[in-house]
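Note that the protein sequences, when read in sequence, are chains A and B. Heads up: the first sequence runs through residues 1 to 156, numbered per my numbering. Heads up: the second sequence runs through residues 157 to 429, numbered per my numbering. Positions of the beta carbon are idealized from the N, C-alpha and C atoms, including for glycine. In what follows, a single structure is set out as structure tokens and then discussed.
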Amino acid sequence: MSIPFTLNGKPAAYEGSATDRLVDILRKDFKCPGVKVGCNEGECGACSIIMDGVLINACMVAAGRAYDTEIITIEGFRETEKFAVLDRCFAETGAVQCGFCTPGMILAAECILTKNPNPNEAEIRDGLSGNMCRCTGYNAIVHAVALAAKEGKGLW
Amino acid sequence: MVNGYAPQTLREALEIKRKEQVSPYGGGTDLMVDHHRTGTYLFLHRIAEMQEIKQDDNYLRLGAGCTFTEVQEHALTPPILKEAISRIAAPAIRNLGTIGGNIGNGSAKADSVLVFFALDAKLRLMDADGERIVPIHAFYKGRKALDLALDELIVEILLPRVIPTRYVYHKIGARAALAISRLSFAGLWNVEGGKITACSTAFGAIDQVVVRIPEVDKILIGTPVAELDSVKERYLAAAGEAINPIDGRISAHYRKTVCLNLLDDFVETMKKA
């Protein structure tokens with residue numbers, strides 16, 4: 001008996017133990033290295049993915065929890081028009097330095113804008129509060145999300 | 157699946173719980189921190205019956221499988237619970253973590269549990285044969301020690317339909333987000349005809365379980381708001397007797413001082429409101 005789920009729009013199934021960490025499986029078995037391993041205890045947000053429409057930390061999920069869910073990683077999200085806008089806005093505002101936190105930040109930004117296409121600064125900061133960045137600094141990232149809300153009007 | 161079950165109905169889950177040694181898996185956000193890949197998980201996320209929020213004549217019924225986000229966003233959720241949830245971790249954790257898991261983890265630092273104590277919540281527990289309802293204060297026997305049999309699951313949290321309308325909530329943590337409570341406080345009260353008609357307080361993270369002292373809260377009930385000053389000293393003295401925090405990463409002395417400061421502030425807030 002396997003664990004069926006949808007990964008980036010395609011059916012997937014995991015044959016291993018239901019107690020394995022989703023983040024490890026996504027990276028190794030499903031070749032999604034954009035899901036980063038930072039703290040492995042839900043504190044840094046580098047492994048952020050979207051599960052059933054909401055942002056979650058893949059290190060906090062055992063494989064069995066993925067049963068029957070729809071998962072989107074940066075590898076899937078990067079094919080969308082919304083990603084193109086976020087990509088451009090992150091570049092324009094200088095919101096990327098080393099890039100390690102960026103996949104998680106992009107997916108957190110997507111979830112902020114899906115919930116609220118016109119977020120104020122406090123709402124953006126709350127939406128990013130579980131995603132740590134240790135080099136760019138948060139202001140540029142907050143500006144990037146605000147810019148994406150403007151530039152991507154109608155997309156979210 | 158290997159090392160896990162993901163049943164779709166509560167009945168199935170309770171039968172598995174009776175036959176097998178399984179750890180109930182709510183959101184996993186506590187379980188996965190101490191993750192050893194051993195054992196077998198009983199995944200509860202597919203059970204619709206555990207994810208409902210509804211009210212009947214007596215209770216607001218919160219399904220134990222509801223995530224913090226689902227509870228926070230629901231129109232029926234009391235404002236004090238919404239505020240407490242808004243201070244838990246960060247959105248991605250609140251999207252996974254469940255209120256049943258927060259209770260089942262058995263920690264006195266659990267932020268939703270503090271509010272459930274202050275509201276005198278009851279828990280609906282089920283096994284394959286039936287159910288029992290237990291007041292939350294009786295459910296907690298100590299740290300990680302719960303009145304929960306091996307074949308039982310926490311199914312619902314029952315909040316009284318009528319609760320005090322005024323409240324304060326404080327969480328003292330090391331950071332704004334992703335912080336475990338160093339100390340937390342919930343206080344609710346009502347004023348009718350210029351008098352305090354209801355008062356309920358609870359402290360988190362100061363002892364093995366959340367501390368609730370209804371006999372001390374009673375001192376304020378019946379007091380005219382204009383006369384709160386005259387009973388404040390007696391109230392704080394009684395609280396000082398009743399609250400005896402344990403030493404931990406945070407000292408007992410610090411904990412007690414902050415508790416009494418918060419109660420002082422609580423009475424001052426009542427005077428202004």
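*Okay, do the segment 28 to 37 of chain A and the segment 117 to 132 of chain A touch, 3+ Cβ pairs below 8 Å being the bar?*
Segment contact: the segment 28 to 37 of chain A against the segment 117 to 132 of chain A, fewer than three CB-CB distances shorter than 8 Å; contact not assigned.
_I need the straight-line Cα distance from Asn8 of chain A to Asp420 of chain B, nearest angstrom please._
When rounded, the distance between both Cα atoms is 54 Å.
*May I ask which residues mark the beginning and end of the alpha helix (DSSP H) holding Met105 of chain A?*
Taken as a continuous stretch (DSSP letters only), the alpha helix (DSSP H) holding Met105 of chain A covers Thr102 to Lys115.
*What's the gap between the Cα of Leu392 of chain B and the Cα of Ala148 of chain A?*
Rounded to whole angstroms, Leu392 of chain B and Ala148 of chain A show a C-alpha spacing of 52 Å.
*Quick one: is Ala305 of chain B buried, meaning 16 or more other Cβ sit within 10 Å of its Cβ, or exposed?*
So Ala305 of chain B counts as exposed.
*Taking the alpha carbon of Leu309 of chain B as the point to measure from, which residue in B:Phe199, B:Val158 and B:Met188 has its own alpha carbon closest?*
Checked all of B:Phe199, B:Val158 and B:Met188; the closest Cα to Leu309 of chain B is B:Phe199.
*Straight-line CA distance for Gly64 of chain A to Leu252 of chain B?*
For Gly64 of chain A and Leu252 of chain B, the distance between alpha carbons rounds to 14 Å.
*Segments assigned beta strand (DSSP E), at least 3 residues, entirely inside the segment 213 to 271 of chain B*: Counting only runs of 3 or more residues that sit fully inside the segment 213 to 271 of chain B, the beta strand (DSSP E) segments are 215 to 219, in chain order.
*Given that a residue counts as buried once 16 or more other Cβ atoms are within 10 Å of its Cβ, and exposed if not, what is Gly195 of chain B?*
Gly195 of chain B is exposed by the Cβ-count criterion.
_On the criterion of 16 or more Cβ atoms from any shown chain inside 10 Å, does Leu376 of chain B qualify as buried, or is it exposed?_
Using a 10 angstroms sphere on the CB of Leu376 of chain B, the tally of other CB atoms reaches 16 or more, which defines it as buried.
*Applying a beta-carbon distance threshold of less than 7 Å, which residues of chain A neighbour Met206 of chain B?*
Residues of chain A whose Cβ lies closer than 7 Å to the Cβ of Met206 of chain B do not exist; the shortest such Cβ separation is about 14 Å.
*Please name the residues in the segment 166 to 199 of chain B whose beta-carbon is closer than 8 Å to at least one beta-carbon of chain A, in chain order.*
For the segment 166 to 199 of chain B, which is checked against every Cβ of chain A, the residues closer than 8 Å are Tyr181, Gly183, Gly184, Thr185, Leu187, Met188, Val189, His191, Arg193, Thr194, Gly195, Thr196, Tyr197 and Phe199.
*Does DSSP put Cys98 of chain A in a helix, a strand or coil?*
Cys98 of chain A falls in the coil class under three-state DSSP.
*asked:* Out of A:Ser17, A:Gly104 and A:Gly127, which one is the CA nearest neighbour of Arg243 of chain B?
replied: Cα-wise, what sits closest to Arg243 of chain B is A:Gly127.
*With 8 Å as the threshold, decide whether the Cβ of Cys59 of chain A is near any Cβ in chain B.*
For Cys59 of chain A, the closest Cβ of chain B is nearer than 8 Å.
*Cβ of Ala157 of chain A less than 8 Å from any chain B Cβ?*
With chain A running from 1 to 156 in the structure shown, residue 157 of chain A is simply not present.
*Check His326 of chain B in the structure and name its three-state DSSP category.*
Reduced to three states, the DSSP call for His326 of chain B is strand.
*For the candidate residues B:Gln207, B:Asp190 and B:Asp285, whose alpha-carbon lies nearest to that of Asp20 of chain A?*
The closest CA to that of Asp20 of chain A, considering only B:Gln207, B:Asp190 and B:Asp285, is found on B:Asp190.
*Should the segment 224 to 233 of chain B be regarded as contacting the segment 321 to 340 of chain B, the criterion being three or more beta carbon pairs within less than 8 Å?*
No, because fewer than three Cβ pairs between the segment 224 to 233 of chain B and the segment 321 to 340 of chain B fall closer than 8 Å, the two stretches do not touch.
*Under 8 Å by Cβ, that's how I've got Ala46 of chain A and Val54 of chain A pegged, so tell me the actual separation to the nearest angstrom.*
About 17 Å; that fails the 8 Å criterion.
_One question on the structure: do Val85 of chain A and Glu41 of chain A come within less than 8 Å of each other, judged by their Cβ atoms?_
Going by C-beta atoms, Val85 of chain A is not nearer than 8 Å to Glu41 of chain A.
*Quick one, which residues of the segment 218 to 231 of chain B are near chain A if we go by CB-CB under 9 Å, in chain order?*
If you check each beta-carbon in the segment 218 to 231 of chain B against every beta-carbon of chain A, the ones closer than 9 Å belong to Thr223 and Thr225.
*Which residue's Cα is closest to the Cα of Asn258 of chain B: B:Leu270, B:Pro247 and B:Ala248?*
Comparing Cα positions, the closest option is B:Leu270.
_Rounded C-alpha distance that separates Gly184 of chain B from Lys428 of chain B_ = If you take the alpha carbons of Gly184 of chain B and Lys428 of chain B, they lie about 42 Å apart.
*Could you tell me whether the segment 166 to 178 of chain B touches the segment 283 to 290 of chain B, where touching means 3 or more Cβ pairs closer than 8 Å?*
Touching, yes, given that three or more Cβ pairs across the two stretches are closer than 8 Å.
*If you drop the 5 nearest sequence neighbours on each side, which residues of the same chain put their C-beta closer than 7 Å to that of Gln97 of chain A?*
The residues are Cys135 and Thr136.
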